[in-house]
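Residue numbers (the numbering used here): 770 to 888.
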């Protein structure tokens, strides 16, 4: 959200870099779109690019409350890792059906899995 805030902001989204482009997954109406572009601009030189890498706003599943953004980041990251391991990542800018189909029920189940793992 805002890296200048003491807490670092109040909303989490996922910025994924691949094939020279950033994909931004935001479960709350692209609330962090501006910040994602700022991060991409800062990371460009570290990635060895001469220009600011493109940031594609991905059609991420949307949360139905004000507190599940972190869980959506974890769920999407988990799906992306699985797709990468299975060599099934779609082209840059395309959202795989397994990500588009994440539901609030999936998020509740994932939260329970993390809770149980931490007990």
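Don't be surprised by glycine CBs; every beta carbon is placed ideally from N, CA and C.
The Cβ atoms of residue 828 and residue 783 do not sit closer than 9 angstroms to each other. Residue 884 and residue 869 have their alpha carbons spaced roughly 24 angstroms apart. Around the beta carbon of residue 849, a 10 Å sphere encloses 16 or more other beta carbons of the protein chains shown; the residue is thus reported as buried. With a threshold of 16 other beta carbon atoms within 10 Å, residue 801 meets it and is buried.
For residue 786, the uninterrupted beta strand (DSSP E) run begins and ends at 783–787, by DSSP. DSSP, read as helix, strand or coil, puts residue 792 in strand. Per DSSP, reduced to three states, the secondary structure at residue 864 is coil, with no helix or strand assignment.
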